[in-house]
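Have a look at the structure below, then the notes.
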Amino acid sequence: MIINAVQIPAVVFQLTQLLLVVLAAPLLTGWVNQCQAWLQNRSGAGVLQPYRVLHKLFLKDAVIAYNASWLFRVTPYVVFGCMWLAATIIPIIAVDLPFSRAADVIALVGVFALARMFGALAAMDIGTAFGTMGARREMMVSFLAEPALLMVLFTASMLSHSTQLPYIVSAFSRHQFMLYPSLAFAALAFLIVLLAENARIPVDNPNTHLELTMIHEAMILEYSARHLALIEWASSLKLFAYFSIGIALFLPYGIAEVGHWSALPLSILLLLFKLALAGVGLALFEALSAKMRIFRAPEFLGTAFLLAVLGLLIHFLLSA
Amino acid sequence: MQMLLTLQIVNLLASLLLLIVFAMLAQRRILSLINLFALQGAVLALSTFVVGYSTGQHHLYYSAGLTLLLKVMLLPWLLHRLIRQLDVKWDVETLLNIPVSMLIGIALVIFSFNLAAPISQLAHGLTRGLIGIALASVLLSLLMMLTRRKAVSQVVAFLSLENSLFFAAASATQGMPLVVEFGIALDVLVATFIFGIFFFQIRETFDSLDISHMEKLKDD
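Written out as structure tokens, the structure reads:
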């Protein structure tokens, strides 16, 4: 493949995003945790704490269960790779990303599903009670969240007549300001899916260990050292990816258009600003809500599906 | 351009109205149900005002004001007082569990959107797409009346049904004559008072507001 003059900006954009997401993802997690600490009147560990944790974990020796199969060893790398790919192909700093053509929104949901499947299988691989329980709960939550997520993405696709994320984003950012009721419904549904998929408070508590209510933490109990580091990092990347999808669909202003070199610094600054804002919003939401019983989770996620379907129906009725 | 913006606002408010009816359908607590009803009235008043502004029909301002006065302030206050006097802040018992009624609700929305599609093509004017939403809200309120067991929540469902009909009238036919609106407002007010008296009677007779006790009334 010959890289000609037109494509060079695209490649630079892609490389920038590739590095940006993987380096900034722990920062985002740290920022959310720090905001939470402030809201709870604690001083907090600082926004750099996730980097310290990753550093510590990478230096340790890995302990692997006696009966672990290759699946258990390979899963952290698969999960990390999937999340990195997902966060890389979502257009957040520029529309013109070469990797974006690799997967449209449906394939993106598939990438998330692949990571989830490996995570659940690895949790069951060891055969501990906690791992199996966590895997089953994770599958229950995600099989309810996934259709809602697809419906949200379909609403955006209907409005922009494409399932390719770059087209969706450029269609939305080029529009003059319009109130889309369908998109508002989709945004609400997406918020619920984001909370459920990232093991956030109303559905799961990310800070819990050794409790009977945990979902995500129960799945990764057996991991240690570099494997655990990769999984933690992948969780940060997943949160980053979901925030990016939200920004790309609902707040696409300021993303660099095709071939615009000069827009890159501004778009990165805007992205950081939006992410910081979204992090504050997430921390605030978590501070204000209580964790619900696990049997309430289907109802909560059913609401997300309902909202997304309503958005789609309203799009058909009002074509708006 | 300005016309387009008001149309967007009306569309957004209509969608909000539909969302509120769904929220009422999913609500377990009577207090929140009444608050949602007040919110529905506020959205209704706002949308009536915007329709009146965009179509230049100034008598709609009066009906928006009437809605605000009656359905946002007076009726919720009456209902709040009623449940305080009756001491019924307990959870609402539904006949169907909530996810099932949600799914039926989605089916009703699809049905009414399809039903309204040919009607709204005959109609003209800015707000013709809203007939479907109004019809869906009417059917959802009806569903709520059917699935609730307690008398208070059935009355709230009835009032929400009336709100949806009012929305249909205001948005699709661009308003009824003011005399008719006054008549309906008075009817609703009187109905609420009568319902209030009924609640006391029902409780006095059966020691409960659960209307399933009333099936024993059959004379034999």
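As they're listed, the protein sequences go chains W and E. Residues 1 to 320 in our numbering are what the first sequence spells out, letter by letter. Residues 1001 to 1220 in our numbering are what the second sequence spells out, letter by letter. Where is the CB? At the ideal position from N, CA and C, for every residue including glycine.
May I ask you to report which of helix, strand or coil DSSP gives residue i?
{"i": "E/Asp1187", "result": "helix"}
{"i": "W/Thr208", "result": "coil"}
{"i": "E/Thr1094", "result": "strand"}
{"i": "W/Ala68", "result": "coil"}
{"i": "E/Arg1029", "result": "strand"}
{"i": "W/Ala94", "result": "strand"}
{"i": "E/Asp1210", "result": "strand"}
{"i": "W/Asn33", "result": "helix"}
{"i": "E/Val1088", "result": "coil"}
{"i": "W/Ser262", "result": "coil"}
{"i": "W/Gly254", "result": "coil"}
{"i": "E/Pro1177", "result": "coil"}
{"i": "W/Ile126", "result": "coil"}
{"i": "W/Met133", "result": "helix"}
{"i": "W/Ser142", "result": "helix"}
{"i": "W/Pro202", "result": "coil"}
{"i": "E/Tyr1053", "result": "helix"}
{"i": "W/Tyr77", "result": "helix"}
{"i": "W/Asn41", "result": "coil"}
{"i": "W/Ser162", "result": "coil"}
{"i": "W/Ala115", "result": "helix"}
Contact criterion: CB-CB distance below 8 Å. Does residue i meet it with respect to chain W?
{"i": "E/Val1190", "result": "no"}
{"i": "E/Asn1011", "result": "yes"}
{"i": "E/Pro1177", "result": "no"}
{"i": "E/Pro952", "result": "The question about residue 952 of chain E has no answer here: the residues shown for chain E are numbered 1001 through 1220."}
{"i": "E/Ile1020", "result": "no"}
{"i": "E/Val1051", "result": "no"}
{"i": "E/Phe1167", "result": "no"}
{"i": "E/Gln1008", "result": "yes"}
{"i": "E/Met1073", "result": "no"}
{"i": "E/Ser1032", "result": "no"}
{"i": "E/Val1138", "result": "no"}
{"i": "E/Val1043", "result": "no"}
{"i": "E/Ile1184", "result": "no"}
State the Cα-Cα distance for the pair residue i and residue j, rounded to the nearest angstrom.
{"i": "W/Pro76", "j": "W/Ala113", "result": "15 Å"}
{"i": "E/Pro1099", "j": "W/Met158", "result": "26 Å"}
{"i": "W/Ile93", "j": "W/Ser267", "result": "5 Å"}
{"i": "E/Leu1159", "j": "E/Leu1096", "result": "21 Å"}
{"i": "W/Val363", "j": "W/Ile231", "result": "Past the boundaries of the shown model lies residue 363 of chain W; chain W is included only from 1 to 320, so the question cannot be answered."}
{"i": "W/Tyr66", "j": "W/Leu221", "result": "15 Å"}
{"i": "W/Thr16", "j": "W/Phe190", "result": "27 Å"}
{"i": "W/Phe285", "j": "E/Ser1153", "result": "30 Å"}
{"i": "W/Leu165", "j": "W/Ile106", "result": "10 Å"}
{"i": "W/Leu108", "j": "W/Thr88", "result": "11 Å"}
{"i": "W/Leu323", "j": "W/Ala229", "result": "Past the edges of chain W, shown from 1 to 320, lies residue 323 of chain W, and the structure says nothing about it."}
{"i": "E/Gly1183", "j": "E/Val1190", "result": "11 Å"}
{"i": "W/Pro26", "j": "W/Ile201", "result": "19 Å"}
{"i": "W/Leu188", "j": "W/Met133", "result": "29 Å"}
{"i": "W/Ser236", "j": "W/Val22", "result": "9 Å"}
{"i": "E/Phe1113", "j": "W/Phe305", "result": "18 Å"}
{"i": "E/Tyr1062", "j": "E/Ser1120", "result": "26 Å"}
{"i": "E/Met1207", "j": "E/Lys1071", "result": "Before going on, a small fix: residue 1207 of chain E reads as Asp here, not Met. The alpha-carbon atoms of E/Asp1207 and E/Lys1071 are separated by roughly 29 Å."}
{"i": "E/Gly1129", "j": "E/Leu1139", "result": "17 Å"}
{"i": "W/Phe243", "j": "W/Leu20", "result": "14 Å"}
{"i": "W/Val111", "j": "W/Ala102", "result": "11 Å"}
{"i": "W/Phe250", "j": "W/Met219", "result": "32 Å"}
With 8 Å set as the bound, which would you pick, yes or no: does the beta-carbon of residue i sit closer than that to a beta-carbon of chain E?
{"i": "W/Met192", "result": "The residue asked about is misnamed: residue 192 of chain W is Ile in this sequence, not Met. Not an interface residue."}
{"i": "W/Pro147", "result": "no"}
{"i": "W/Ile3", "result": "Here the model assigns W/Ile3 a pLDDT of 46, short of 50, so the residue's position is not dependable and the matter cannot be decided."}
{"i": "W/Glu299", "result": "yes"}
{"i": "W/Phe185", "result": "yes"}
{"i": "W/Val309", "result": "yes"}
{"i": "W/Pro202", "result": "no"}
{"i": "W/Ile302", "result": "In the sequence as presented, Ile is not what sits at residue 302 of chain W; that position holds Gly. Answer yes: the Cβ-Cβ gap between W/Gly302 and chain E drops below 8 Å somewhere."}
{"i": "W/Met151", "result": "no"}
{"i": "W/Met133", "result": "no"}
{"i": "W/Met83", "result": "no"}
Could you tell me the boundaries of the alpha helix (DSSP H) in which residue i lies?
{"i": "E/His1059", "result": "His1059 to Thr1067"}
{"i": "W/Glu217", "result": "His216 to Met219"}
{"i": "W/Arg52", "result": "Gln49 to Leu59"}
{"i": "W/Thr213", "result": "From DSSP, W/Thr213 is part of no alpha helix (DSSP H); its letter is neither H nor E."}
{"i": "W/Leu313", "result": "Ala297 to Leu318"}
{"i": "W/Leu333", "result": "Because chain W in this structure spans residues 1 to 320, residue 333 of chain W falls outside the shown range and cannot be described."}
{"i": "W/Ser289", "result": "Taken as a continuous stretch (DSSP letters only), W/Ser289 belongs to no alpha helix (DSSP H), as it is neither H nor E."}
{"i": "W/Glu222", "result": "Per DSSP, W/Glu222 belongs to no alpha helix (DSSP H) and is neither H nor E."}
{"i": "W/Ala184", "result": "Pro181 to Glu197"}
Ignoring anything shorter than 4 residues or poking outside the region 1097–1162 of chain E, list the alpha helix (DSSP H) runs there in chain order.
Secondary structure in the region 1097–1162 of chain E: the alpha helix (DSSP H) runs of 4 residues or longer, each lying completely within the stretch, are 1098–1122 and 1130–1147 in chain order.
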